[in-house]
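J.: Residue numbers (this note's numbering), protein chains in the order written: chain A, 1330 to 1414; chain B, 1394 to 1782; chain C, 4 to 329. All C-beta atoms, glycine included, are put in the ideal place defined by N, C-alpha and C. Mind having a look at this structure? Questions to follow.
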Amino acid sequence: MNDDPIRSGVIDCIRRIAPEVEPAALVHDRPLRDQVDLDSMDWLNVIVGFHQRFGVDIPEADYAKLVTLDGIVAYLRAKGAAADA
Amino acid sequence: MIDFTLPSLGADMDEGTLLEWRVVPGQAVNKGDVIAVVDTSKAAIDIEVWQPGVVHELMAQVGQKIPVGTVIARLRAPGEAAAATAPAPTAAAALPQALPPPAPVPVVVRAPPATGARPRATPAARRRAGELGVPLAGLAGSGPDGAVTLADVERARPAPAAPAAAPDRAVEMRKVIAAAMARSKREIPHYHLAEPVPMRAALDWLRAHNAAAPVTGRLLPAVLLIKAVALALREVPELNGVFVDGVFRAAPSAHVGVAISLRGGGLVAPALHDVADKPLPQLMAELGDLVQRARAFRLRSSELGDATVTVTNLGDTGVELVHGVIYPPQVALVGFGRIAERAAVEAGQVVALPMLTATLAADHRVSDGHRGAIFLARLRDRLQRPAEL
Amino acid sequence: MSRTLSYREALREAHREALQRDPRVFLMGEDVGRYGGSYAVSKGLLAEFGEQRVRDTPLSELGFVGAGVGAALGGARPIVEVMTVNFSLLALDAIVNSAALMRHMSGGQFGVPLVIRMATGAGRQLAAQHSHSLENWYAHVPGLRVLAPATVEDARGMLWSALQDPDPVVIFEHAQLYNLEGELPEPWTQDIAHAALRREGRDLSIVTHGGCLPKALEAARQLEGEGISAEVLDLRVLRPLDDVAIAATVAKTRRLLVVDEGWRSGSLAAELMARVVESALFYELDAPPARVCSEEVPIPYAKHLEEAALPQPAKIVAAARRLLGR
């Protein structure tokens, strides 16, 4: 799990907005926004971070797929995320 | 008036004793006439006068020991009236005392050991320590005689303050919020109004806008809400301004304070200026910048002090509605609950609509419920016409 | 373009140039003619220029310096050689009370365009009466310009400029420099107003003049080996002092070390330290100003004692280390 570059990239993007997040404490299949205090502005900045890091465009309509950490990673992988950091 | 002083009659004469006057007041004298006889250590000497005149006053007593340079007589110059004139200031100074023998000068003057009172530091080091706020006492000195040098001060420079300052800041902030809220509850007679606002039109518009925009150009519902508030305030200006010293001053423009929660606790409500005049993308950019700087504690004082109304809880935390507490000296606070699907009636049918509840807390000294209700109605209307925002 | 020659030879060339260019110039002093100068500076000049231009004087400093004052007042441009500063004491009245004051006391009517050259300093076992460094006495007197050429270039270039000065100029030649060999650049400087930075550095400023310059440079070389970078300023002009150059070097390094062969009490070193400390530079200093002077004793005759009494590179190095707290 830990050497998945997409997963570690996602966590990194989240931590840039919410630096208090402990990666080890994140539950991968529970809604992320229940575990991390991210308001709508924060979430938008996280999305922008994903876009810049993975080169993936994420339309608003797809936000519903980005609920859990697993869901986010799967979505980005399916979209052909370039995993180079 | 001519001052006649006792002349020095020998290289080492310091004083003389008056033995005899040879003139009387009123007597005319010519240059070279003897005016007195003075005894020195060597002989009794006839003292001659050097200018013609009339003796006005004799100022020494026979038998008196007089230092050289003392005025012993005053003469009127030829032609001068006898009327008493103010005596010239006695500029005659006694000869200086013989100088004390010089103290033997030590060949080398070693600096006394530095006491604790004033640390020994070079001028350059002292100044730099002052600039940096580094205390000199206790610094190791590598200079001559153990003096603290510039390099020593630079080495002692404190590391930049650790982020552990954050807990203190949180405590301070809590105090500030406590004071403001307590004052608000104490002084402001609040009234509260609530209004359900359909959000389908706004959300549809947003969705279309964001689909066509790059991810960095997306708008959040928050900016629509803030702009709608600013526009509605134009119609109810008694909700936009400050109440100070018993007087309400309406503000010419709406500087909307945005309540921003800080990571780790605390709240600030810095102002977005002139909201009603700015297009949505600009407001979005400014809001993003404001949030970022607020969370980094890098707000400008104008942002902290300029708000004319405050908007809070822009739909994120999941509450249905906000019972607001006004930030003094403002006179209104607008709250937004979360956007959620609710049952509503439309054309006789029960439908599911995205709705939020907007609330107004307002200062009853400045406005009353009727005006407040008009504001909420205007706000609701604006949010049905998002393209006009 | 440059050549190598000795300080003595450079002085001789300077005299030849002056005697050739200006018919009003003549040289006078004890043994300057037939003997060729007690330090051989004027060797050959009598033969080249004749008795009117190179004049041997009697053993009477007050007399012939006074004659020099008179000649200058009368329109000549005399170079008066006083064998050493030690003998100039006999002519102090002519120098200080006549030459230096004539312009002032005549209300500007008369100047004394006189150049007086003197050897100065110790190091040749000439004992107490013949080893003084009294440049500071002359640098004390308004009305005089005082020069201290310490390089071959300055020995060549300063004389002509001194002769152009309408007021008296006293030139001090350290006795140990006559044999100094050095490069004479072409063209050479003729400046008689400014100090010169002889070595750039960062950690301290060594300010010196005359015979102490080679010692200061030697000390700076040794200090470099210890990681201490010393700047060396050659004063060149002892009156008026180049305050700008002195301030610039001390402002840069924040540490002043003066090397002066005079005794410390009432010395030129004391004047330099006072100027620095009384100015705003005080607040820039990172160490108290320091000086290396001759020991406060009559200069000894015995060689080892004479060496111990005078400034030496080892003493300069030690003082520099102390300045840096080492």
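Decide if the region 160-175 of chain C is in contact with the region 96-110 of chain C; the criterion is three or more beta carbon pairs, one per stretch, under 8 angstroms apart.
T.: Yes, the region 160-175 of chain C touches the region 96-110 of chain C.
J.: Classify M4/C as buried or exposed, calling it buried when 16 or more other Cβ atoms lie within 10 Å of its own Cβ.
T.: Taking the first residue of the third sequence as 1, we reach residue 4/C at position 1. By the 10 Å Cβ count, M4/C comes out exposed.
J.: Using 10 angstroms around the beta-carbon of A1604/B, count the other beta-carbons present and answer buried if the total reaches 16, otherwise exposed.
T.: Start at 1 with the first residue of the second sequence, and residue 1604/B comes out as number 211. With fewer than 16 other Cβ atoms within 10 Å, it is exposed.
J.: Cβ atoms of A1453/B and I1459/B: under 7 angstroms apart, would you say?
T.: For the purposes of this step, residue 1459/B is identified with residue 66 of the second sequence, where counting begins at 1. For the purposes of this step, residue 1453/B is identified with residue 60 of the second sequence, where counting begins at 1. A Cβ-Cβ contact shorter than 7 angstroms links I1459/B with A1453/B.
J.: Cβ of S282/C within 7 angstroms of Cβ of N139/C?
T.: Position 279 of the third sequence, counted from the start, is the residue given in the question as residue 282/C. Position 136 of the third sequence, counted from the start, is the residue given in the question as residue 139/C. Not in contact: S282/C and N139/C (Cβ atoms no closer than 7 angstroms).
J.: Look up I1395/B in the DSSP assignment and give the residues it is bridged to.
T.: Within the second sequence, numbered from 1, the residue matching residue 1395/B stands at position 2. Per DSSP, L1468/B.
J.: Buried or exposed: where does T7/C fall if 16 or more other Cβ atoms within 10 Å of its Cβ makes it buried?
T.: Residue numbering aside, residue 7/C sits at position 4 when the third sequence is read from its first letter. It is exposed - the Cβ of T7/C has fewer than 16 other Cβ atoms within 10 Å.
J.: Among G1650/B, L1529/B, G1425/B, L1599/B, which has the Cα closest to the Cα of H1666/B?
T.: Start at 1 with the first residue of the second sequence, and residue 1666/B comes out as number 273. With distances taken between Cα atoms, H1666/B lies closest to G1650/B.
J.: Establish whether the CB of A317/C and some CB of chain B are separated by less than 7 angstroms.
T.: Here the question's residue 317/C lines up with position 314 in the third sequence. Output row for A317/C: interface = no.
J.: Quick one: grab the DSSP three-state call for K1458/B.
T.: In the second sequence, counting from the first residue as 1, residue 1458/B sits at position 65. DSSP places K1458/B in strand when its eight states are reduced to three.
J.: So, do the region 1611-1626 of chain B and the region 1754-1766 of chain B have three or more beta carbon pairs nearer to each other than 8 angstroms?
T.: no
J.: Closest by CA to A15/C, which one among E176/C, V144/C, D263/C?
T.: For the purposes of this step, residue 15/C is identified with residue 12 of the third sequence, where counting begins at 1. According to the sequence provided, residue 15/C is Arg. The question's Ala does not apply to it. For R15/C, the nearest C-alpha among the options comes from E176/C.
J.: Would you decide whether L3/C is buried or exposed? Buried here means 16 or more other CB atoms lie within 10 Å of its CB.
T.: Residue 3/C lies beyond the range of chain C shown here (4 to 329); nothing can be said about it.
J.: Classify L1697/B as helix, strand or coil using the three-state DSSP reduction.
T.: Working through the second sequence from its first residue, we reach residue 1697/B at position 304. If DSSP states are grouped into helix, strand and coil, L1697/B belongs with the helices.
J.: Would you kindly report the start and end of the unbroken beta strand (DSSP E) that includes E138/C?
T.: As a working note, residue 138/C is residue 135 in the third sequence. E138/C -> not in any beta strand (DSSP E); alpha helix (DSSP H) instead, spanning 138-142.
J.: Within 10 angstroms of the Cβ of Q1819/B, are there 16 or more other Cβ atoms? Answer buried if so, exposed if not.
T.: Since the displayed chain B opens at 1394 and closes at 1782, residue 1819/B lies outside it and no answer follows.
J.: Closest to L1361/A by C-alpha separation, out of A1410/A, A1393/A, R1406/A, A1407/A, would be which residue?
T.: The residue labelled residue 1361/A in the question sits at position 32 within the first sequence. Of the listed residues, the one whose Cα sits closest to L1361/A is A1393/A.
J.: Flag this pair as touching only if the region 148-168 of chain C and the region 85-96 of chain C have three or more C-beta atom pairs under 8 angstroms; answer yes or no.
T.: no
J.: For V1339/A and V1402/A, which I take to be in contact (beta-carbon distance under 8 angstroms), what is that distance rounded to the nearest angstrom?
T.: The count along the first sequence starts at 1 and reaches residue 1339/A at position 10. The count along the first sequence starts at 1 and reaches residue 1402/A at position 73. Rounded, the Cβ-Cβ distance is 6 angstroms, consistent with contact.
J.: Going along the chain, which residues of the region 1375-1386 of chain A sit with their C-beta nearer than 8 angstroms to a C-beta in chain B?
T.: I1376, V1377, H1380, D1386
J.: Take A125/C as the anchor and find which of A233/C, M276/C, W266/C has the nearest alpha-carbon.
T.: Taking the third sequence and counting its residues from 1, one reaches residue 125/C at position 122. Of A233/C, M276/C, W266/C, the residue nearest in Cα terms is W266/C.
J.: Using a Cβ-Cβ cut-off of less than 7 angstroms, list which residues of the region 275-290 of chain C approach chain B; keep chain order.
T.: F285, Y286, E287, L288, D289, A290
J.: Does the distance from the CB of L1746/B to the CB of L1586/B come in under 7 angstroms?
T.: Against the second sequence, residue 1746/B aligns to sequence position 353. Against the second sequence, residue 1586/B aligns to sequence position 193. Against a cut-off of 7 angstroms, the Cβ pair of L1586/B and L1746/B comes out as no contact.
J.: Against chain B, which members of the region 18-48 of chain C pass a CB distance test of less than 9 angstroms?
T.: none
J.: Look up E1441/B in the DSSP assignment and give the residues it is bridged to.
T.: The residue given as residue 1441/B occupies position 48 in the second sequence. According to DSSP, which records beta bridges pairwise, E1441/B is partnered with V1427/B.
J.: Of the choices L259/C, A272/C, A13/C, whose alpha-carbon is the least far from that of V143/C?
T.: Your numbering for residue 143/C matches position 140 in the third sequence. The sequence given here places His at residue 143/C; Val does not occur at that position. Closest by alpha carbon: A272/C.
J.: Can you check whether the C-beta of A1414/A is within less than 7 angstroms of a C-beta belonging to chain B?
T.: As a working mapping, residue 1414/A is identified with position 85 in the first sequence. Confidence at A1414/A is low in this model, with a pLDDT of 44, below 50, so its placement is unreliable and the value that follows should be read with caution. Taking 7 angstroms as the threshold, the shortest C-beta distance from A1414/A to chain B does not fall below it.
J.: Could you confirm whether any beta carbon from chain A is found closer than 7 angstroms to the beta carbon of A1557/B?
T.: The residue you call residue 1557/B lines up with position 164 of the second sequence. Here A1557/B scores only 49 on pLDDT, less than 50, and its place in the model should not be relied on; the value that follows carries that caveat. Closer than 7 angstroms: no.
J.: Since L326/C meets chain E, which of its residues come closer than 7 angstroms, beta carbon to beta carbon?
T.: This model lacks chain E altogether; the protein chains it does include are A, B and C.
J.: Relative to the C-alpha of D1396/B, which candidate in E1565/B, Q1777/B, E1450/B has its C-alpha closest?
T.: Counting from 1 along the second sequence, the entry for residue 1396/B is found at position 3. The candidate whose alpha carbon is nearest that of D1396/B is E1450/B.
J.: Indicate the three-state DSSP secondary structure (helix, strand or coil) for W191/C in the structure shown.
T.: Indexing the third sequence from 1 puts residue 191/C at position 188. W191/C: coil per DSSP, three-state reduction.
J.: How should V1464/B be labelled, buried or exposed, when 16 other C-beta atoms within 10 angstroms of its C-beta is the threshold for buried?
T.: Along the second sequence, one-based indexing puts residue 1464/B at 71. Buried is the call here.
J.: Between V1527/B and P1516/B, what straight-line distance do the alpha-carbon atoms span, to the nearest angstrom?
T.: Here residue 1527/B corresponds to residue number 134 of the second sequence, with the count starting at 1. Here residue 1516/B corresponds to residue number 123 of the second sequence, with the count starting at 1. Looking at the two C-alpha atoms, the distance is approximately 14 angstroms.
J.: What's the C-alpha gap between D34/C and S1401/B?
T.: By one-based count along the third sequence, residue 34/C stands at place 31. By one-based count along the second sequence, residue 1401/B stands at place 8. Near 51 angstroms, if we compare the C-alpha coordinates of S1401/B and D34/C.
J.: Would you mind working out which of I1346/A, N1374/A, A1410/A sits nearest L1613/B, comparing C-alpha positions?
T.: Within the second sequence, residue 1613/B is the residue found at index 220, counting from 1. Cα-wise, what sits closest to L1613/B is N1374/A.
J.: Would you verify that the beta carbon of S1337/A is, or is not, closer than 7 angstroms to some beta carbon of chain B?
T.: Along the first sequence, read from residue 1 onward, the residue named residue 1337/A stands at position 8. It does not: the Cβ of S1337/A has no partner Cβ on chain B nearer than 7 angstroms.
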